[in-house]
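What follows is a short report on a single structure.
Residue numbers (the UniProt record's numbering): 1 to 579.
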């Protein structure tokens, strides 16, 4: 049982690896409160920062539905926040314990949306909406919002950001634009997307996507359609399904533009459920607004260069300009680690090739990926993989014999030998009337020339038909590295056909780890873990200057000149597999 000076702990209501939440009372005033305390451990500093941030944000809000912080204490190395007492449970617990009708579900959704509207009016982005951060009092069905540890306060309409979100978040509930792959702004529509995931999960009993780690969740948010919305007991009304799917739109312009619009549709849905009537005019308005969202998009300039302009937001009070984020870099590192693990564990070149292509899809946020080889005579399909377990082609065939890629676009990349990105191919641009674009309606296209030892080896072709601007991130180093390795494996696969095992049943698929000394391997692995030179020196009990010398040697041996390049190269060579 936890102890807090000045408070008597009555009942622990939530405990995980990092925090403890309990009902308590003040020993002097006898006032009932909730105590939220950080556990001591490896994440104490991060959890303390979240708690302090939550106290600052929540205490400044005069909103009845926000769980009010009363005081902030410190005990040892841990922070403690004292909150007003409410006899509530999380929505996740509530939906597991009570039978919720469609009518009650919509009423709850309206109440939650009203709280989000108030937050938007106060220029607050919650950034952590989930079934675990919304609390309901079972008797009164009153709604409370908590969990402001990741919240952002925006001033002057989002132009000056006073607080920035922590790097991490809850991957299953993060909107596509929060992942850091899209050159877009974060605003209230990001919270609405998170609400859509939460409501979908509460209604159907499962999340809208299948994923197992942050990289897979990021890919799902960008490139996978939600699973069919079904309920085991009774069919879900179409009016509810439409609202949830609009909340889950990949592109911000296609979602509800603010909570008020969502509330209007929810109230109309509630009216239909209560009366059994349907308002055709309102349904027409709903579909009209949905179609209009497609028109406000980023456009490709006439020379097919990637536009850096950000879509304007007119109906949301709070928005945050986004650049390539630390979260996106973390996903890049996760992709490299997956690839390194695949190289170290997979002995079958065909399965390794398939794994690498899937990692490329996950890292880029693509639905379809294709490796295209280049010779003096022609272009060849070397490998094709589709997200979600779609068809895979690993045999070499002429480009003209495969209609699953945009031939004219590929030839343009081959001719210019330059990266080409199209943010909205079927709406506007040079290729808008091309037969492939008319037939397949792709939104995002990427063509990345792959150079190996200074020679153009091929092209990485990526496509996403769900998200505009899916490939509009700043750096494509990791994609180039992964594609280079895929070409290498393809070459090995071709040469090993018929005689697939070499040297004692081992495949020659990856370079030797003897490239770096043991100390250099230690340092590059700590670099991959995100440690600074000073932190590496402290961990290894050596001088910071010595670390700097080792890093210079690492750069020289790996033929790179930056930390991210060194980590990328080391991962591709299988040197990080032990971390």
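The C-beta atom is built at its ideal place from N, Cα and C for all residues, glycine as well.
query, result
"Under 8 angstroms between C-beta atoms of residue 125 and residue 151", "yes"
"Under the three-state DSSP convention, the category residue 44 falls into", "helix"
"Residue 490 classed as buried or exposed, judged by whether at least 16 other C-beta atoms fall within 10 angstroms", "buried"
"Complete alpha helix (DSSP H) runs within the UniProt domain \"HTH luxR-type\" (509–574) (minimum length 4 residues, chain order)", "518–528, 533–540, 544–558, 563–572"
"Pairwise C-alpha distance: residue 367 and residue 360", "10 angstroms"
"Cut-off 8 angstroms between Cβ atoms - residues of its own chain near residue 72, not counting five sequence neighbours on either side", "51, 52, 55, 79, 80, 81, 82"
"8 angstroms contact criterion, which residue 485 and residue 572 should meet: CB distance rounded", "5 angstroms"
"DSSP state of residue 60 mapped onto helix, strand, coil", "coil"
"Rounded C-alpha distance that separates residue 134 from residue 11", "20 angstroms"
"Same chain, Cβ closer than 6 angstroms to residue 18, neighbours up to 5 away in sequence not counted", "39, 43, 47"
"Whole-angstrom distance between residue 422 and residue 175, CA atom to CA atom", "21 angstroms"
"At least three beta-carbon pairs within less than 8 angstroms, the segment 186–206 to the segment 99–118", "yes"
"Cβ neighbours of residue 112 in the same chain (closer than 7 angstroms, five flanking residues each side left out)", "134, 143, 195"
"Closest Cα partner of residue 177 within the set 255, 420, 45", "255"
"Pair within 8 angstroms by beta-carbon distance, residue 260 and residue 117", "yes"
"Secondary structure of residue 145, DSSP reduced to three states", "strand"
"Beta-bridge pairing of residue 26 - partner residues as DSSP gives them", "7"
"Rounded separation between residue 163 and residue 154 - CA only", "In this prediction, residue 163 scores a pLDDT of 39, lower than 50, which makes its location untrustworthy; the coordinate-derived value is nonetheless stated afterwards. Distance between the alpha carbons of residue 163 and residue 154: 8 angstroms."
"Unbroken beta strand (DSSP E) run spanning residue 382, endpoints", "379–386"
"Given residue 394 as reference, the closest of 349, 170, 525 once Cα atoms are compared", "349"
"Rounded C-alpha distance that separates residue 552 from residue 427", "48 angstroms"
"Contact the segment 332–340 vs the segment 210–221: 3+ CB pairs below 8 angstroms", "yes"
"First and last residue of the uninterrupted beta strand (DSSP E) at residue 239", "It is not in any beta strand (DSSP E) - residue 239 instead sits in the alpha helix (DSSP H) that spans 238–247."
"Alpha helix (DSSP H) runs contained entirely in the segment 358–440, provided each spans 4 or more residues", "407–416, 435–440"
"N- and C-terminal bounds of the beta strand (DSSP E) containing residue 37", "32–38"
"Contact set for residue 148: own chain, Cβ-Cβ below 6 angstroms, skip 5 residues either direction", "54, 57, 58"
"Range covered by the alpha helix (DSSP H) that runs through residue 79", "Unbroken run through residue 79 is the beta strand (DSSP E), 78–84; no alpha helix (DSSP H)."
"Short Cβ contact (8 angstroms threshold) for residue 382 with residue 458", "yes"
"As assigned by DSSP and simplified to three states, the class of residue 342", "helix"
"Validate contact between the segment 537–550 and the segment 476–483 using beta carbons, cut 8 angstroms, 3 pairs", "no"
"Contacting residues, own chain, Cβ-Cβ under 6 angstroms from residue 221 (five flanking each side not counted)", "176"
"Reduced DSSP secondary structure (H/G/I, E/B, other) of residue 452", "strand"
"6 angstroms CB neighbourhood of residue 291 in its chain, flanking five on each side removed", "Model confidence at residue 291 stands at a pLDDT of 39, short of 50, so the residue's coordinates are unreliable; what they give is reported in the following sentence. Around residue 291: no qualifying Cβ."
"Exposed unless 16 or more other CB atoms sit within 10 angstroms - verdict on residue 418", "exposed"
"Residue of 414, 524, 145, 523 minimising C-alpha distance to residue 456", "414"
"Reduced DSSP secondary structure (H/G/I, E/B, other) of residue 256", "coil"
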